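Below you'll find the structure, written out as structure tokens, and then a few comments.
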Amino acid sequence: HPNPLKSSLYAGGERPFTQRGLPGYRPFFVIALFFAVLHLGVLMVGSSGLTPLSGLYLLGLLLVLLALILG
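If you're matching positions, the sequence shown starts at 476 in my numbering and goes up one per residue.
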């Protein structure tokens with residue numbers, strides 16, 4: 476006679492998880508993109524002169540970083 480208790484999953488005396496845990500890399504990619512944009516911006520602003528075009532680039536860089544922070 477099949478016994479449901481004997482055919483159930485056993486994990487060290489604990490009940491098995493009902494939901495599967497899936498690893499996610501989204502937080503890592505957001506942080507990596509944030510630092511990539513930040514480093515590229517520092518490189519571009521540091522290698523250019525203080526012109527209105529570099530100020531516009533810096534403003535766009537700040538908007539991109541703000542969008543990454545807010546999600």
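The beta carbon of each residue, even a glycine, is placed where N, CA and C say it ideally should be.
Here the structure is a predicted model, which is why all the values come from computation and not from measurement.
Given residue i as reference, the closest of the options once Cα atoms are compared
{"i": "R501", "options": "F509, Q494 and R495", "result": "F509"}
{"i": "S529", "options": "G516, L543, V505 and L545", "result": "G516"}
Residue i - partner residues in DSSP beta bridges
{"i": "A486", "result": "E489"}
Check: residue i C-beta below 7 Å from any heavy atom of the ligand HEM
{"i": "G521", "result": "By its list of ligands, the structure shown contains no ligand whatsoever, and the ligand HEM lies outside what it can speak to."}
Proximity of residue i and residue j at Cβ, strictly below 8 Å
{"i": "V512", "j": "L536", "result": "yes"}
{"i": "P491", "j": "L484", "result": "yes"}
{"i": "L545", "j": "V505", "result": "no"}
The alpha helix (DSSP H) enclosing residue i, as first and last residue numbers
{"i": "L497", "result": "Careful: L497 lies outside any alpha helix (DSSP H) and carries neither H nor E."}
{"i": "P527", "result": "P527 to L545"}
Helix, strand or coil at residue i according to DSSP, with G and I counted as helix
{"i": "S522", "result": "helix"}
{"i": "P479", "result": "helix"}
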